[in-house]
Amino acid sequence: MLNNVAAQKRTVAASTKTEGLSVQDLILVAVLIAAGAVLKLTVSSFLSFAGMKPNFMIAMYCLAIILTRPKVFQSVVIGLLVGLVSQLPMLNATPLVNIASEMLGALVCGLLVTAFVKVAADNKAFQNVAAPAIITFLSTVVSGYTFALIVGVAVAHLSLIAVFGVYAVMVFGTATMNAVLAAILTPVLRAVLKR
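With our numbering applied, the sequence shown covers 45 to 239.
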């Protein structure tokens with residue numbers, strides 16, 4: 045009986061990520077959020093063009109969600125954290141608005157990441173470049189228009205149609221810049237982090 049047990053083949057099952065964010069993931073999220081804040085304070089002003097500038101906070105939380113693939117509710121928590129960091133006076137001229145806009149942007153990002161993981165999973169070019177660009181673009185549009193609707197309607201007393209028109213260039217321009225940034229950085233960070 046003992047010989048029979050000893051002779052059985054031992055196998056090790058590969059663990060799959062099912063429990064949410066690991067400690068390494070949390071560190072990566074924190075580093076990217078901090079990097080987004082620093083870049084928004086410094087580089088963002090130099091890249092301003094016709095009232096548009098990349099919002100590195102959105103780009104970085106999108107990168108964090110794309111790279112760590114958290115559960116959707118964890119994505120919303122990441123958005124909440126970014127919204128709270130955005131409340132620092134140097135990062136925000138309109139208090140509290142970023143909390144709602146970043147939470148909704150992160151929600152969209154989390155939902156899209158979950159959906160795109162299942163679409164063309166074996167296509168590296170799509171997963172490394174196209175998907176991050178699409179995800180970041182749409183997340184930035186949702187975040188940007190949430191911000192614009194709150195500020196435009198509540199503060200400036202504009203109509204909904206006027207808000208969509210007035211802020212279109214700024215929202216879509218920023219979304220395009222963030223999408224390009226995500227498309228460039230995602231494959232680089234995946235290679236460096238081996239993800």
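Heads up, the beta-carbon is just placed ideally off N, CA and C, and yes, glycines get one too.
Asked, Found
"Local Cβ density within 10 Å of Leu140, reported as buried at 16 or more and exposed below that", "exposed"
"Buried or exposed by the 16-neighbour rule on C-beta atoms within 10 Å, applied to Lys162", "exposed"
"Buried or exposed (CB count within 10 angstroms, at least 16 for buried), Met147", "buried"
"Test item: CB-CB of Thr180 and Ala223 under 9 Å", "yes"
"Val120 vs Phe100 beta-carbon contact at 9 Å", "no"
"Contact check, Lys84 vs Leu124, beta carbons under 9 Å", "no"
"Straight-line Cα distance separating Leu193 from Ile143", "14 Å"
"Cβ pair count under 8 Å reaching 3, the segment 125 to 133 against the segment 171 to 180", "no"
"Rounded straight-line distance, which links the Cα of Ser203 to that of Tyr211", "12 Å"
"Val197 - containing alpha helix (DSSP H), residue span", "Unbroken run through Val197: none, as it is neither H nor E."
"Ala144 at chain B interface by Cβ criterion, 9 Å", "Going by chain labels, chain B is absent from the structure shown, which holds only one protein chain."
"Cβ-based burial, Phe310 [other Cβ within 10 Å; buried from 16]", "One cannot answer for residue 310 here, as it falls past the ends of the chain, which runs 45 to 239."
"Option nearest Thr190 by Cα separation, candidates Leu229, Gly154, Ala150 and Ala227", "Ala150"
"Under 9 Å between C-beta atoms of Ser187 and Ile109", "no"
"Sequence-distant residues of the same chain with beta carbon closer than 6 Å to Ala241, five excluded per side", "In the structure displayed, the chain extends from 45 to 239; residue 241 sits before or after that span and is not available."
"Inter-residue spacing [alpha-carbon to alpha-carbon] between Leu65 and Ile205", "40 Å"
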